[in-house]
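Quick note on numbering: the sequence shown equals residues 170 to 347 in the working numbering.
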Amino acid sequence: LGAELEIGRTPVREAIKRLALENLVTVYPRRGTFASEINITDLAHVSDVRAQLEGHAAYRAAQRLTDAQRAELDQLLEELAHSRGSDDVEKLMALDARVHRFIYRCTGNPYLEGTLTRYFNLSLRIWHLVLDRLPHLFARVHEHDVVLRAIAAGEAERAREVLTEHIATFEREIRMVL
C-alpha cells in the first residue's frame with residue numbers, strides 16, 4: 170500500500186492503527202488487515218450511543234447557534250427542499266451527512282463533535298449494506314428539516330426529541346431489512 174501511494178511504511182502503519190482503533194479494520198498479526206465484520210449488534214450499540222449524544226448535540230446547537238451558522242442552516246434547509254422527490258441515494262446520504270456534521274459543529278464542543286463523527290462513520294458502514302432496500306430513505310433524510318427548524322428557533326428540547334427519534338426510526342427501518 171505504501172509503495173502504491175508512494176509513502177513510507179510508518180504513515181501506513183499509523184493509519185491502520187487508527188482504523189483499528191475506530192473498529193473499521195481488524196488486524197491479524199502475520200495474516201493481514203481486513204475490514205471489520207458488521208453485525209446487528211453493532212447497529213444497536215452504535216445507535217444507542219448516537220441517540221443519546223446526538224440528541225444532546227441538537228440541544229446544544231439550538232442554544233449556541235451563531236449568525237454564521239444560521240446562514241449555513243438556511244442553506245441546508247434550501248438544499249433539503251430542492252432534494253424533495255430525488256431518488257439519488259448517494260446525494261441524499263451526502264446531504265444527511267452534511268446535516269449531522271453541521272449539528273455536531275454547532276455544539277461548539279470539539280470533543281463531542283469528534284466522538285459523534287466517529288460514530289456517524291460507523292453507522293455509514295452499516296447503512297451502505299442496506300441503502301438500496303430502505304423504503305423510506307427520502308422521508309428519513311427530510312426529518313432533518315424539522316430538526317434544523319427547531320435549532321433555528323432555539324427550541325433545544327424539541328431539537329433533542331426530534332433527532333433522537335430520527336435515529337431510533339432509522340435503526341428500526343434498518344433492522345427490518347437486515
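Every residue, glycine too, gets a C-beta built ideally from N, C-alpha and C.
Exercise. For R200, does the count of other Cβ atoms within 10 angstroms reach 16, so buried, or fall short, so exposed?
Worked result: The residue given as residue 200 occupies position 31 in the sequence shown. By the 10 Å Cβ count, R200 comes out exposed.
Problem set entry | Cβ shell of T284 (< 7 Å), same chain only, five flanking positions each side left out | Within the sequence shown, residue 284 is the residue found at index 115, counting from 1. Closer than 7 Å at Cβ, skipping near neighbours: L222.
Problem set entry | Three-way DSSP call (helix, strand, coil) for L201 in this model | Along the sequence shown, one-based indexing puts residue 201 at 32. Note on identity: in this sequence residue 201 is Gly, with Leu being the wrong assignment. Strand at G201.
Problem set entry | Environment of A328 [buried if 16+ CB atoms lie within 10 Å] | Sequence index remark: in the sequence shown, residue 328 carries index 159 (1-based). With 16 or more other Cβ atoms within 10 Å, it is buried.
Problem set entry | Neighbour-count burial assignment, L264, 16 or more Cβ in a 10 Å radius | Taking the sequence shown and counting its residues from 1, the one referred to as residue 264 is at position 95. Label assigned to L264: buried.
For this session: State buried or exposed for F203, treating a residue as buried only when at least 16 other CB atoms are found within 10 Å of its CB.
Result: The residue given as residue 203 occupies position 34 in the sequence shown. So F203 counts as exposed.
Exercise. Helix or strand or just coil, what does DSSP make of T235?
Worked result: As a first step, residue 235 must be located in the sequence shown, where it is residue number 66. In this structure, T235 counts as coil in the three-state DSSP scheme.
For this session: Taking the CB atoms as reference points, tell me whether A230 and T276 lie closer together than 8 Å.
Result: Within the sequence shown, numbered from 1, the residue matching residue 230 stands at position 61. Within the sequence shown, numbered from 1, the residue matching residue 276 stands at position 107. Cβ distance < 8 Å, so A230 and T276 count as in contact.
Exercise. From the beta carbon of V316, is the nearest beta carbon of chain C less than 8 Å away?
Worked result: Of the protein chains in the structure, only one exists, and it is not chain C.
Exercise. Within 10 angstroms of its Cβ, does I320 collect 16 or more other Cβ (buried), or is it exposed?
Worked result: Indexing the sequence shown from 1 puts residue 320 at position 151. Buried.
Exercise. Whole-angstrom Cβ separation of L245 and L317, contact assumed at under 8 Å?
Worked result: To locate residue 245, count along the sequence shown from 1; it is residue 76. To locate residue 317, count along the sequence shown from 1; it is residue 148. A Cβ-Cβ separation of about 6 Å places L245 in contact with L317 under the 8 Å criterion.
Exercise. Under three-state DSSP, which class holds T276?
Worked result: Residue 276 sits at position 107 when you count from the first residue of the sequence shown. Coil at T276, not helix or strand.
Exercise. Taking D301 as the reference, which of T286, D257, Y288 has the closest Cα?
Worked result: Position 132 of the sequence shown, counted from the first residue, corresponds to residue 301. Taking only the C-alpha atoms, the option nearest D301 is D257.
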